[in-house]
Amino acid sequence: MTVTPPASLANRVIRIDDPADPRIAGFRDIRERDLRRRHGSFIVEGAVVLPVLLDAHEGGRFCAESVLILENRLEGFAERLERLPADVPIHVAPRAVIDAVAGFPMHRGVLALARESEAASAPLDFHAMAGNALVVAGQAIANHDNMGGILRNAAVFGADGALFDAQSCDPLYRKAIRVSVGGVLRVPFEHGGTGLSMVERLAANGFTVIGLSPRGEHDLETVPIEGRTALLLGTEGPGLTEGMLSRVTSARISQAPGMDSLNVATASGIALYTLARRMGRIA
Numbered sequence: 001m002t003v004t005p006p007a008s009l010a011n012r013v014i015r016i017d018d019p020a021d022p023r024i025a026g027f028r029d030i031r032e033r034d035l036r037r038r039h040g041s042f043i044v045e046g047a048v049v050l051p052v053l054l055d056a057h058e059g060g061r062f063c064a065e066s067v068l069i070l071e072n073r074l075e076g077f078a079e080r081l082e083r084l085p086a087d088v089p090i091h092v093a094p095r096a097v098i099d100a101v102a103g104f105p106m107h108r109g110v111l112a113l114a115r116e117s118e119a120a121s122a123p124l125d126f127h128a129m130a131g132n133a134l135v136v137a138g139q140a141i142a143n144h145d146n147m148g149g150i151l152r153n154a155a156v157f158g159a160d161g162a163l164f165d166a167q168s169c170d171p172l173y174r175k176a177i178r179v180s181v182g183g184v185l186r187v188p189f190e191h192g193g194t195g196l197s198m199v200e201r202l203a204a205n206g207f208t209v210i211g212l213s214p215r216g217e218h219d220l221e222t223v224p225i226e227g228r229t230a231l232l233l234g235t236e237g238p239g240l241t242e243g244m245l246s247r248v249t250s251a252r253i254s255q256a257p258g259m260d261s262l263n264v265a266t267a268s269g270i271a272l273y274t275l276a277r278r279m280g281r282i283a
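Numbering (UniProt numbering), first residue to last: 1 to 283.
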């Protein structure tokens, strides 16, 4: 069944009937391709995340390059797609074609190919942050669900930025973006370097670094905070090393007896909420 595009998009929609069409080559086999971003491009999927990409595009941080959408979802997305610049192609295809192109069926019928701008890949501008800035830093965050959850929490609680060391997985991996509900496109971030270099750089820019661990010296509700604050998270399981904890102010989340830890994404949500509230950043 061929769907007639809305009048507002009639001259922009490109009908695709062949999965091998070179015009959609960037979407092909994304489950394998997006394990490592190629040339700075990445995949965004889902109806919830696409509007976030459009906001980021208009804000200059990320650039939408192409869209591939299920034909029966076109009408419902017309108003959002109208926001795309005229030079961004809008491809429409039936489900069988999109499934064959993507390599799997769980794409929700909405895919976009995007790219980082120079602004998005630039180092965080600590000088531009306020005196009560709040950032989150992650060391060896290797699980994409955890990465997405941390960045979702960072966006929800208004973090000014995020840093992840080179051992951490790519924040712009497709699944991390989806789990973050687009939070990775909202929160400025850096990815690279070592955990130690992150801590040293944060300290040099006036941040009190709070390392979260079940072995933390202070309770998170009473840990001393003043001015700029950075929440440091460790990998799932081992967490932050004793050497790293000795370099920062360590804190713990109170837990019931017999349990040793929380999932790092869950812990980040509790900690960011607690710190943002104590710092007067949220009511």
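No residue lacks a Cβ here, since even glycine has one placed at the ideal position from N, Cα and C.
Rounded Cβ spacing between E217 and S250 (contact assumed at less than 8 Å)
Counting from 1 along the sequence shown, the entry for residue 217 is found at position 217. Counting from 1 along the sequence shown, the entry for residue 250 is found at position 250. Rounded, the Cβ-Cβ distance is 5 Å, consistent with contact.
Practice task
Only counting runs of 4 or more residues, tell me where the alpha helix (DSSP H) segments fall wholly within the region 35-61, in order along the chain.
Solution key: 49-58
So, at 6 Å on beta carbons, what are the nonlocal neighbours of G234 in its own chain, with the 5 sequence-adjacent residues on each side left out? Translated into positions along the sequence shown, residue 234 becomes position 234. Taken in chain order, the residues that qualify are Q139, L240.
Q) Hey, quick one: how far does the beta strand (DSSP E) through L81 stretch, first residue to last? A) Counting from one through the sequence shown, the residue named residue 81 turns up at place 81. No beta strand (DSSP E) contains L81, which is instead part of the alpha helix (DSSP H) from 74-81.
Measure the beta-carbon distance from V110 to L151 and round it to whole angstroms, keeping in mind my assumption that it falls under 8 Å.
Here residue 110 corresponds to residue number 110 of the sequence shown, with the count starting at 1. Here residue 151 corresponds to residue number 151 of the sequence shown, with the count starting at 1. So it is not a contact: roughly 20 Å between Cβ atoms.
Rounded straight-line distance, which links the Cα of L74 to that of R36: As a first step, residue 36 must be located in the sequence shown, where it is residue number 36. As a first step, residue 74 must be located in the sequence shown, where it is residue number 74. Unreliable positioning characterises R36 in this predicted model, as indicated by a pLDDT of 49, which lies under 50. The coordinate reading is nonetheless provided below. The straight-line gap from Cα to Cα measures roughly 29 Å.
Relative to the C-alpha of A20, which candidate in G103, G192, G258 has its C-alpha closest? Taking the sequence shown and counting its residues from 1, one reaches residue 20 at position 20. Ranking G103, G192, G258 by Cα distance to A20 puts G103 first.
*asked:* According to DSSP, T229 sits in a beta bridge with which residue or residues?
replied: For the purposes of this step, residue 229 is taken as the residue at position 229 of the sequence shown. The partner list for T229 (beta bridge, DSSP) reads L134, T208.
Quiz item: Would DSSP call I141 helix, strand or coil?
Solution: As a first step, residue 141 is located in the sequence shown; it is residue number 141 there, counting from the start. Three-state result, I141: coil.
Q | Inter-residue Cα distance where the pair is residue 284 and G258 | A | Any question about residue 284 goes unanswered here, given that the chain covers just 1 to 283.
Excluding five sequence neighbours on each side, which residues of the same chain lie with their C-beta closer than 6 Å to the C-beta of G182?
Locating residue 182 in the sequence shown gives position 182, counting from the first residue. Here the set comprises V49, V52.
task = Please check the pair L54 and L84, which I expect to be a contact at CB under 8 Å, by giving their CB distance rounded to whole angstroms.
result = If you number the sequence shown from 1, residue 54 lands on position 54. If you number the sequence shown from 1, residue 84 lands on position 84. The Cβ separation is near 7 Å, so the contact holds.
Would the beta-carbon of S168 fall within 7 Å of that of G148? Within the sequence shown, residue 168 is the residue found at index 168, counting from 1. Within the sequence shown, residue 148 is the residue found at index 148, counting from 1. Against a cut-off of 7 Å, the Cβ pair of G148 and S168 comes out as no contact.
So the candidates are E226, C63, S213; which of them puts its Cα closest to the Cα of G243? Translated into the one-based positions of the sequence shown, residue 243 becomes position 243. When each option's Cα is compared against that of G243, the closest is S213.
Worksheet item: Counting Cβ pairs, one atom from each stretch, are 3 or more of them under 8 Å apart for the region 114-129 and the region 54-66?
Response: yes
Rounded Cβ spacing between R278 and I225 (contact assumed at less than 8 Å) = As a working note, residue 278 is residue 278 in the sequence shown. As a working note, residue 225 is residue 225 in the sequence shown. Right, the Cβ-Cβ distance comes to about 6 Å (below 8 Å), so this counts as a contact.
Query - Nearest-angstrom Cα separation, counted from T194 out to H91 - result: Translated into the one-based positions of the sequence shown, residue 91 becomes position 91. Translated into the one-based positions of the sequence shown, residue 194 becomes position 194. Between H91 and T194, the C-alpha separation is close to 41 Å.
Determine whether the beta carbon atoms of H144 and F164 lie at a separation below 7 Å. By one-based count along the sequence shown, residue 144 stands at place 144. By one-based count along the sequence shown, residue 164 stands at place 164. No, the Cβ-Cβ distance between H144 and F164 is not below 7 Å.
request  = Compute the distance between the beta-carbons of V136 and A122, then report whether it is under 7 Å.
outcome  = Stepping through the sequence shown from its first residue, residue 136 is reached at position 136. Stepping through the sequence shown from its first residue, residue 122 is reached at position 122. Contact: no.
- Query: Is DSSP giving A283 helix, strand or coil here?
  - Reply: Reading the sequence shown from its first residue, position 283 is the one you call residue 283. DSSP places A283 in coil when its eight states are reduced to three.
### Residue environment, D125, which counts as buried when at least 16 other CB atoms sit within 10 Å
For the purposes of this step, residue 125 is identified with residue 125 of the sequence shown, where counting begins at 1. Burial call: exposed.
| request: Grab me the residues of A47's own chain with a C-beta within less than 7 Å of its C-beta, minus the 5 sequence neighbours each way, in chain order. | output: As a first step, residue 47 must be located in the sequence shown, where it is residue number 47. Closer than 7 Å at the Cβ level, and outside the excluded window around A47, lie R108, V110.
Exercise. Is M198 closer than 7 Å to D160 when the C-beta atoms are compared?
Worked result: To locate residue 160, count along the sequence shown from 1; it is residue 160. To locate residue 198, count along the sequence shown from 1; it is residue 198. Going by C-beta atoms, D160 is not nearer than 7 Å to M198.
- Go ahead and pull the three-state DSSP assignment for L111. For the purposes of this step, residue 111 is taken as the residue at position 111 of the sequence shown. Strand at L111.
Residues that F189 bridges to, as DSSP identifies them:
For the purposes of this step, residue 189 is taken as residue 189 along the sequence shown, with counting starting at 1. Looking at the DSSP assignment, F189 forms a beta bridge with A162.
Closest by C-alpha distance to I282, when choosing among L231, G237, L185, N132:
Here the question's residue 282 lines up with position 282 in the sequence shown. Of the listed residues, the one whose Cα sits closest to I282 is N132.
Inset, instruction - Taking all protein chains shown into account, decide if E221 is buried (16 or more other Cβ within 10 angstroms of its Cβ) or exposed. - result: Within the sequence shown, the letter at position 221 stands for residue 221. By the 10 Å Cβ count, E221 comes out exposed.
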